[in-house]
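**Q** One structure, as structure tokens, below. Some questions next.
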Amino acid sequence: LGDRHPHVLLYLNGMARLLHKEGNLEESRVLFEKAFAGRREVLGDHHPDTVKSLEDFLELVRDMDNEKEARKLEAKLGSLKVCHELFGRKDFAE
2 LGDRHPHVLL YLNGMARLLH KEGNLEESRV LFEKAFAGRR EVLGDHHPDT VKSLEDFLEL
62 VRDMDNEKEA RKLEAKLGSL KVCHELFGRK DFAE
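To convert a position in the sequence shown, counted from 1, into the working numbering, add 1.
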């Protein structure tokens, strides 16, 4: 499996969530950024897994008290969710 394989990206996102939960915010951020970027590249912006990575990353950014970045991510997340609601899961690559 390569570093952009969906299972590897799932693992990265899971490790980032675990590190976040344990309070390792900076390490968590690095993994969230890799997972989100990889999912965007492989699955596309509107895939539910990509949206989930963005939701998880947003939660971390909020916990890091970075309100400016959180607002940007919230806006991006809002637009992705609207697309998901309009087009539904069937239009996304699995």
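C-beta atoms are modelled at their ideal positions from N, C-alpha and C, and glycine is treated no differently.
Name the residue from Leu74, Ala17, Val31, Asp4 whose alpha carbon lies nearest to the alpha carbon of Val52.
**A** It is Leu74.
**Q** Starting from His6 and walking both ways along the alpha helix (DSSP H), at which residues does that stretch end?
**A** That residue, His6, is in no alpha helix (DSSP H); it is neither H nor E in DSSP.
**Q** Grab the span of the alpha helix (DSSP H) containing Asp50 for me, first residue to last.
**A** Note, Asp50: alpha helix (DSSP H), 49 to 64.
**Q** Which class does Gly45 belong to by DSSP, given the choice of helix, strand or coil?
**A** Three-state DSSP puts Gly45 in coil, outside helix and strand.
**Q** Starting from the Cα of Glu34, find the closest Cα among Lys22, Leu59, Pro49 and give me that residue.
**A** Checked all of Lys22, Leu59, Pro49; the closest Cα to Glu34 is Leu59.
**Q** Whole angstroms are fine: how far does the CA of Val62 sit from the CA of His47?
**A** Each residue's alpha carbon lies about 21 Å from the other.
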